[in-house]
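What follows is a single structure, written as structure tokens, with notes after it.
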Amino acid sequence: MSVTFHVPNAPRYSNTEPCLCAQGAPSFMTSNIPDELREHAWDECPHCHGTGIETVERTQQGFELNLCNGNARLLLALLRLDDECLYGSASLPDVRRAIMFAKNTDRSGFTRDATVGRAVARQCDDGTAFIAPNVFVGGFSADDLEDRLARLEEVVDNAQAFGASEITWG
Ligand SMILES: [Zn+2]
-6 MSVTFHVPNA
4 PRYSNTEPCL
14 CAQGAPSFMT
24 SNIPDELREH
34 AWDECPHCHG
44 TGIETVERTQ
54 QGFELNLCNG
64 NARLLLALLR
74 LDDECLYGSA
84 SLPDVRRAIM
94 FAKNTDRSGF
104 TRDATVGRAV
114 ARQCDDGTAF
124 IAPNVFVGGF
134 SADDLEDRLA
144 RLEEVVDNAQ
154 AFGASEITWG
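What follows is the structure, encoded as structure tokens:
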């Protein structure tokens, strides 16, 4: 799960990308050879119609910032924006003030180390084994925090130049 800080009605563009139904193709996400993608695509795929290549709408770079839920909660807390609910909005001046405040705050309490929760196997009543997946939680270092603050500031700058009045997240 993730949270995206977003500029409402931000400029978008169409992009052609390999469809996930063709991820069995050896060239998937590397060289993306069209014939190979088509060969591995699902004939009835509603996204690519069996071609292995789909057209998707993307938000123009610099108009959104995506973080995993845990890191978004830390960033929202640092910004003193509502971090209880991971959905919200704020005016551009309020976000700009929040960023300025965050830049002048001791940020040591808003980082976290990366952790790995190892899988634990247990035997079920019917004799089968249940193995929970490993859980990897990425860290959020002081440098990461600095980077996300700078990128959020870029989103606010672009939003203002675009004529938007607020940032939303969720
Ligand atoms: Zn497809």
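Under our numbering, the sequence shown has 162 at position 169, and the numbering climbs by one with no breaks. Glycine residues also receive a C-beta, built at the ideal position from the N, C-alpha and C atoms.
Under the three-state DSSP convention, the category residue i falls into
i, result
"E164", "The shown model of the chain, from -6 to 163, leaves out residue 164, and the question about it has no answer."
"Q53", "coil"
"V113", "coil"
"S134", "coil"
"S7", "strand"
"R90", "helix"
"E47", "strand"
"N59", "strand"
"A107", "coil"
"A152", "helix"
"A65", "helix"
Beta bridge counterpart(s) of residue i as assigned by DSSP
i, result
"T161", "H(-1) and S82"
"C14", "Answer is none; C14 lacks a bridge partner."
"A122", "Q116"
Residue i vs residue j beta-carbon contact at 7 Å
i, j, result
"Q153", "L72", "no"
"Y6", "R51", "yes"
"H133", "N62", "This sequence places Phe at residue 133; His is not what is there. Not a contact, by the Cβ cut-off of 7 Å."
"F103", "R115", "no"
"F(-2)", "L67", "no"
"A95", "L142", "yes"
Environment of residue i [buried if 16+ CB atoms lie within 10 Å]
i, result
"P11", "buried"
"C117", "exposed"
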